[in-house]
Amino acid sequence: MLDNSIWPAKDYSRVPFRLYHDQEVYDLERERIWRGPLWSFLGLEAEVPKIGDFRTSFIGDIPVVYNRGDDGKVYGFVNRCAHRGSTVRREAYGNAADHTCIYHRWCYDKKGGLIGVPFRRGVKGQGGLDPAFDQAQHGLETIRIESWHGILFATFSDKVEPLEQYLGGPMSNMLARIMARPVKVLGYQRQRIKGNWKLYCENTRDQYHGSLLHQFHMKFGITRVTQKGGAWMDTRHRHSISYTREDTDAQDSAQAIAAYADQKVAESDFQLKDQGILGYKQEFDDGVSLAICSIFPNGTFQQIRNSMAARQVRPRGMDEFELYWTIFGYEGDDEELEMHRLLQTNMIGPAGFISMEDGEAVEIAHRATMLEGEACSIIEMGGGGKIPDEITFKVSDVPLRGFWSYYAELMGIEPEGGIR
Ligand code: FES
Ligand SMILES: [Fe+2]
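All the letters of the sequence shown, read from the start, carry residue numbers 0 to 419 under numbering that gives the first Met the number 0.
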């Protein structure tokens, strides 16, 4: 039985491994998180600019389609035929006036309404549907979609708070900053990671690992614990923005690296033959050169220097998820800047100089915690107790406790006297 006695610490500084490995937990997440009173990251408006443009996506493990309707608004529905449950749209994207299931050709409009059933009246008076069958009642299950500066979010719930309020001040501002110019999608990357989806939500909120796991970060000064940075959270601590300010560590980068050597964690002497990938063209006037924006439950928006991307977590059961990367720049980027963004894309994705290690870290944590449900992790870097809205240092995993506190609320398993 899953109940609120599961937490060994009231401030979420201990997370039982069972939460990654229990089918009961996963099933409850489908109901209370993916279909719960919150907004999930779906995609970008820039991906469906014209009427009839559609893309397939996921809310948790639930397949969905979003498309631009005849009135210019974006509509969405579950990608599962009302007839016998087949996938209606099998393509990743396209443009279509309507959506026809390949199995028996039931046809749906852009809002998911059922508009055609072949041989509905049968043949020569035999077969077909009962005349009382009401087509209007048998469309696809719809989702509600709203846009925040061109970022699409979706919900199944009619009890959800307004999107801007859900995102909270810091995240809504940061996303507006990233989306201030019209976006141009440059490409996609996909990868399967054999681990529970929540391990990745923790990973993107965890600044502590940033320059320890990722030697590239540390060595080339993309983010180091010696730089100015920290995390901004909403008052409910659902979301987290980890940030680093450019050029704020020791004057001499050798001195900054020495700080790591003192901890006996890094003395790497590898070098890049071509330093081009490190280049940084300042595009924002706040000095933030790295921002990892983790949006509960499934979205991450990143600015790593000039590399911009959205990431969507798509669970595939308890033990695996797909990570879907949408790489973008802006309309109006000149060719040189666009090429630079693509060059910096080599840092991310399944084989990225930085991101490759996150996939591995999730997998080794998942594997080693299986069948260890009673054991738990320690999340105490940056202190325990009440969770602050802002952290001004980088040796911290405080936002992970924020993630778990909101998770516990949604799942109905908040400990008595829980501290958040
Ligand atoms: S399952 Fe889609 S038309 Fe039959
Ligand atoms: Fe990482």
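Think of the CB as a built atom: it goes at the ideal place given N, C-alpha and C, for glycine as much as any other residue.
Distance cut-off 7 Å: His365 Cβ against heavy atoms of ligand 2: no
Residue from Gly121, Gln254, Val159, Thr243 with nearest C-alpha to Gly35: Val159
Best match in Arg88, Asp69, Asp70 for proximity to Asn78 [C-alpha to C-alpha]: Arg88
Sufficient close CB pairs (3 or more, under 8 Å) joining the stretch 203–215 to the stretch 230–249: yes
Host beta strand (DSSP E) of Tyr92 (start-end): 92–94
Thr325 (DSSP reduced to helix, strand or coil): Reduced to three states, the DSSP call for Thr325 is strand.
Proximity of Phe40 and Gly298 at Cβ, strictly below 8 Å: If you check the CB distance, Phe40 and Gly298 come in under 8 Å.
Own chain partners of Trp403 with C-beta closer than 7 Å, once the 5 adjacent residues on each side are dropped: Cβ within range, chain order: Tyr11, Val14.
Exposed unless 16 or more other CB atoms sit within 10 angstroms - verdict on Met369: exposed
Neighbourhood of Gln226 by C-beta, 6 Å cutoff - its chain only, sequence neighbours within 5 removed: Thr243, Thr247, Asp248
Residues bridged to Gly228 [DSSP beta-bridge criterion]: Thr243
Opening and closing residue of the beta strand (DSSP E) in which Trp196 lies: Counting along the chain, Trp196 falls outside any beta strand (DSSP E), though it belongs to the alpha helix (DSSP H) covering 196–204.
Candidates Gln311, His98, Ile114: closest to Tyr187 by CA position: Gln311
Short Cβ contact (8 Å threshold) for Lys9 with Ile418: yes
Beta bridge counterpart(s) of Gly42 as assigned by DSSP: Beta-bridge pairing links Gly42 to Leu151.
Among Tyr323, Gly331, Asp70, nearest to Pro314 - alpha-carbon criterion: Tyr323
Nearest-angstrom beta carbon gap, Phe16 and Ala374 [assumed within contact, 8 Å]: 5 Å
Three-state secondary structure (DSSP) of Lys183: strand
Meets three-Cβ-pair contact criterion under 8 Å: the stretch 173–189 and the stretch 68–76: no
First and last residue of the uninterrupted beta strand (DSSP E) at Ile55: Here the sequence assigns Thr to residue 55, which means Ile is not the residue at that position. First-last of the beta strand (DSSP E) with Thr55: 52–58.
heavy atom of ligand 1 below 7 Å from Ser395 C-beta: no
Arg17, DSSP secondary structure in three states: helix
Continuous beta strand (DSSP E) stretch holding Thr299: start and end: 298–303
Where Met338 falls: helix, strand or coil (DSSP): helix
The alpha helix (DSSP H) enclosing Ile363, as first and last residue numbers: From DSSP, the alpha helix (DSSP H) with Ile363 extends over 354–368.
Host beta strand (DSSP E) of Met307 (start-end): Where Met307 is concerned, the enclosing beta strand (DSSP E) starts and stops at 306–314.
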